[in-house]
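Report on the structure given below.
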Amino acid sequence: MLEIRLQKFLAHAGVASRRKAEEMIKQGRVAVNNVTVENMGLTVSGNDVVTVDGNPVEVEEKKVYIMLNKPVGYVSTSKDQFGRPTVIDLVKDAGKRLYPVGRLDYDTSGLIILTNDGDFTYRLTHPKHEINKVYEAVISGFPEKNEIKRFESGLKIEDYQTSPAEFSVLDRKENNTLVRITIHEGKNRQVRKMCEAIGHKVLTLKRIQVGPIALDNLPEGKWRHLSDKEHKMLY
């Protein structure tokens with residue numbers, strides 16, 4: 043193996059995304075040849091022994107990419123400090139150590155991608171790549187044209203300004219509205235906060251598409267491998 047930066051090595055090994063790997067290094071959790079790493083620019087080769095929290099790290103050659111239809115009631119992390127079920131519990135039979143690409147809230151369902159490829163995760167989650175995420179939501183009330191225009195132009199939420207988004211009404215029933223929303227950011231609970239900012243509470247939320255990959259008819263709680271074509275489409 044040629045010399046590569048330590049954070050890239052950790053990403054290739056499926057430990058975490060490159061950004062998460064950098065955080066681990068800063069936290070003093072990574073050692074090379076029994077020496078805790080302090081230099082973010084350190085490079086390693088196949089002759090080096092890399093450990094995270096004292097556990098040896100080996101590069102996994104085969105990369106795995108799967109899509110899961112996450113039910114409500116699961117957290118999008120590898121472990122949960124409160125003992126709640128995680129998306130990893132639903133893909134244990136995939137046979138690899140995987141981690142989720144981005145997140146879906148505990149009370150949000152739908153499409154989430156999991157992998158052991160840190161570079162792939164970086165590609166899908168970094169804002170500069172502007173990967174679209176499409177959601178269907180049931181919101182309270184009936185949004186007015188001016189509210190929709192505000193939503194689509196971008197909103198000031200807490201300490202950040204959201205980018206322009208897409209908002210379309212699919213159906214109206216009783217006191218609620220079914221809408222389709224497209225964003226390319228991934229801030230915490232962003233869709234819910236954007237809807238609340240225009241005066242409408244999200245009652246249910248489901249992600250149906252990431253980039254060109256659609257959930258389609260994948261049953262809730264089930265997963266499948268991405269095809270080679272789908273993987274290439276995301277790159």
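Be aware that the sequence shown starts at 43, since it is given in the numbering used here, and climbs by one per residue. Don't be surprised by glycine CBs; every beta carbon is placed ideally from N, CA and C.
Quick one: using the 10 Å Cβ neighbour count with 16 as the cut-off for buried, is Pro-142 buried or exposed? buried
Beta carbon of Leu-268 nearer than 8 Å to that of Ile-108: yes
Using C-beta distances below 7 Å, list every residue in its chain close to Gly-70, excluding the 5 sequence neighbours before and after it, in chain order. Thr-78
Going by the beta-carbon positions, is the gap between Leu-140 and Val-106 smaller than 8 Å? yes
Out of Phe-124, Glu-45, Glu-238, state which residue places its alpha-carbon closest to the alpha-carbon of Ile-190. Glu-238
Collapsed DSSP secondary structure at Arg-266 in the structure displayed: strand
Using 8 Å as the threshold, is the C-beta distance between Val-233 and Tyr-148 below it? no
Span separating the alpha-carbon of Lys-229 from that of Met-236: 11 Å
Considering only C-alpha positions, which residue in the set His-273, Glu-45, Val-117, Phe-124 is nearest to Ser-278? The displayed coordinates of the chain run from 43 to 277. Any statement about residue 278 would go beyond what the structure contains.
So for Asp-161, helix, strand or coil by DSSP? helix
At what residue ranges does the region 182–268 contain a whole run of the beta strand (DSSP E), taking only runs of 3 or more? 208–215, 218–225, 244–252, 265–267
Considering only C-alpha positions, which residue in the set Glu-272, Val-99, Gly-152 is nearest to Leu-257? Gly-152
On the DSSP letters alone, give me the boundaries of the alpha helix (DSSP H) that Ile-67 sits inside. 60–68
Three CB pairs or more closer than 8 Å across the region 157–166 and the region 45–60: yes
If I measure Cβ to Cβ from Phe-266 and keep anything under 7 Å in the same chain, skipping five residues before and after, which residues do I get? Checking the displayed sequence, the identity of residue 266 turns out to be Arg instead of Phe. Only Ile-108, Met-109, Leu-260 meet the Cβ criterion.
Under the rule that 16 or more other beta-carbon atoms within 10 Å means buried, what is Phe-193, buried or exposed? buried
Whole-Å CB distance - Lys-175 paired with Ile-225, under 8 Å assumed: 6 Å
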